[in-house]
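The block underneath contains the structure these notes are about, expressed in structure tokens.
Number of protein chains: 2
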Amino acid sequence: MPKGQQSQRDKGAEPVRKRLSPAARRSEIVQAAVDLFAETGFDGSTREVARRAGITQPLLYRYFPDKQSLIEAAYSRVFLETWDPAWDALLQDRSRPVAERFQTFYEAYTEIVFQPVWLRLWYYALLRDAQVHAWYREVVQEQILKPLVRERRAELGQGDAFAVTVEELDVPWLLHGGLLNHGLRQSAGQRDGRDRPAMIRKALDLFIQHSAAGAPARETG
Amino acid sequence: MPKGQQSQRDKGAEPVRKRLSPAARRSEIVQAAVDLFAETGFDGSTREVARRAGITQPLLYRYFPDKQSLIEAAYSRVFLETWDPAWDALLQDRSRPVAERFQTFYEAYTEIVFQPVWLRLWYYALLRDAQVHAWYREVVQEQILKPLVRERRAELGQGDAFAVTVEELDVPWLLHGGLLNHGLRQSAGQRDGRDRPAMIRKALDLFIQHSAAGAPARETG
DNA sequence: GGTTTTGTTGATCGGTCGATAATCAATGGC
DNA sequence: GCCATTGATTATCGACCGATCAACAAAACC
């Protein structure tokens, strides 16, 4: 019989101590932190994080010097792993219409960022410190919205060399923000069945129409 | 000499006790709560609320049975006093074009709801309980978006009697959400000078163009 | 002016939180 | 099989929080 199978200290079937590699343990803690913080905000207790990770609370301080660094680890886990490098190529694939490209992209993108855990953690981060917000705002603008404007310019034969202006980004920001807000609305208990792809399509239609209106009067049926 | 002018207990110039009417005191407490909760979220302490209101913390429990009712009082102060009854008439004033009416309305509306205290309290409330969110979502939809669709129908001569469908609300929701998100973005430390009226105008233009495209092919230059 | 009413305060309780120190025990090296 | 390493736990500290209660004092009343 293996020793310690049923010592007096065991209250359940779970072995009292399970020893993991630092990387694996740390990963479990971060995942527990992400889940908890997404539910309750960053005032969720370290004890609850530890409970969900199946460890005791002091052990948490073996992997993170303080709670703040645990919060930042949760940031990284969720936000930094959002962007798929393949999307950059997708957005610039000029063999397909802009609307079709960005439809594909936004369906994949929102499938990630519309998850409650992502949206809630995002808004909690936004409310807590403007630092994270400024950083991610830059990501959205450079990776998504400016490519959208540039690719649409090229599609309209307007040339894509010169810099994208602030005014050109207004409508893209409006629609991107509208989509984000739609995700938040659906995430917060709403169940009216309006599906994501349709909403994305409408947003992209609005942009395509709007950019065409500024172009040399090419009409779309 | 008035008694108690400089007793041993006075540490500053402030009189130790200032006696107010319950209504005035309660109002001061609620205002302090609104300010604090907008800054730190609803985990802001009752002691800090009391400090900002210039009273001691136990007195707070003379006016509110517990912290939750103080939170709800802060809700009411900010959210219930948002809507100006005059706006209902404004939105239905058919002597002016729909775009012009809603431009005026949204400029007044966002002047209130784009205040950091409003936006932050709103998102904190949204993240905390879906109840408040569902309630306010109903307000926006019934008071703003459905009138927008109906008035635009009338302007296009399509008749405004039959009910507004869910699909018709998609684009309005998209643009309304985009505006809200724009306010949040500006509130969170961004200073790029893009002004509200211009953004509102672009959002309304998008809606007007979109609804015109669905009409019997009337073209707008 | 004495008495009542009630707005206000000081003191404090039980609970939870973040963080630390001492101790225990599972694994790898030899 | 012993030992060193280090993952993991128990116990605990100081701070803060929500809430309660007895005591105090400023108006209000007659």
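From first to last, the protein sequence lines stand for chains A and B.
Quick note on my numbering: the first sequence kicks off at 1 and runs consecutively.
Quick note on my numbering: the second sequence kicks off at 222 and runs consecutively.
The beta carbon of each residue, even a glycine, is placed where N, CA and C say it ideally should be.
Limits of the alpha helix (DSSP H) - the one that residue i falls within
i	result
Ile-55(A)	Run containing Ile-55(A): none; DSSP gives neither H nor E here.
Thr-104(A)	98 to 113
Trp-135(A)	130 to 140
Ala-295(B)	288 to 296
Arg-94(A)	Arg-94(A) -> no alpha helix (DSSP H), and no H or E assigned at all.
Trp-173(A)	170 to 187
Val-387(B)	That residue, Val-387(B), is in no alpha helix (DSSP H); it is neither H nor E in DSSP.
Ser-248(B)	243 to 261
Pro-147(A)	146 to 155
Under 8 angstroms between C-beta atoms of residue i and residue j
i	j	result
Val-140(A)	Lys-423(B)	no
Gly-262(B)	Gly-177(A)	no
Leu-257(B)	Glu-269(B)	yes
Val-30(A)	Arg-62(A)	no
Arg-322(B)	Asp-309(B)	no
Tyr-136(A)	Leu-348(B)	no
Leu-70(A)	Phe-64(A)	yes
Arg-373(B)	Gly-380(B)	no
Ala-33(A)	Pro-116(A)	no
Gln-209(A)	Ala-434(B)	yes
Tyr-327(B)	Ile-421(B)	yes
Leu-446(B)	Phe-428(B)	This structure cannot settle anything about residue 446(B), because the visible part of chain B is limited to 222 through 442.
Leu-90(A)	Thr-104(A)	yes
Arg-371(B)	Val-385(B)	yes
Contact set between residue i and chain A, taken where Cβ atoms lie within less than 8 angstroms
i	result
Ala-434(B)	Gln-209
Arg-207(B)	Nothing in the structure corresponds to residue 207(B), since chain B is present only between 222 and 442.
Under 7 angstroms by beta carbon: chain A residues contacting residue i
i	result
Asp-264(B)	Asp-43
Rounded distance between the beta-carbons of residue j and residue i, thought under 8 angstroms
i	j	result
Leu-342(B)	Gly-404(B)	With 8 angstroms as the limit, Leu-342(B) and Gly-404(B) do not qualify as a contact, their Cβ atoms being about 13 angstroms apart.
Phe-114(A)	Arg-196(A)	7 angstroms
Under 7 angstroms from the C-beta of residue i: neighbouring residues of chain B
i	result
Tyr-124(A)	Leu-348
8 angstroms Cβ cut-off: residues of chain B touching residue i
i	result
Arg-120(A)	Leu-348
Fill in: Interfacial residues, the region 419 to 432 of chain B to chain A, with Cβ spacing under 7 angstroms
Met-420, Lys-423, Ala-424, Leu-427, Gln-430, His-431
Practice prompt. Give, in chain order, every residue of the region 164 to 194 of chain A whose Cβ lies closer than 8 angstroms to some Cβ of chain B.
Written response: Val-166, Asp-170, Val-171, Trp-173, Leu-174, Leu-175, His-176, Gly-177, Gly-178, Leu-179, Leu-180, Asn-181, His-182, Leu-184, Arg-185, Ala-188, Gly-189, Gln-190, Asp-192, Arg-194
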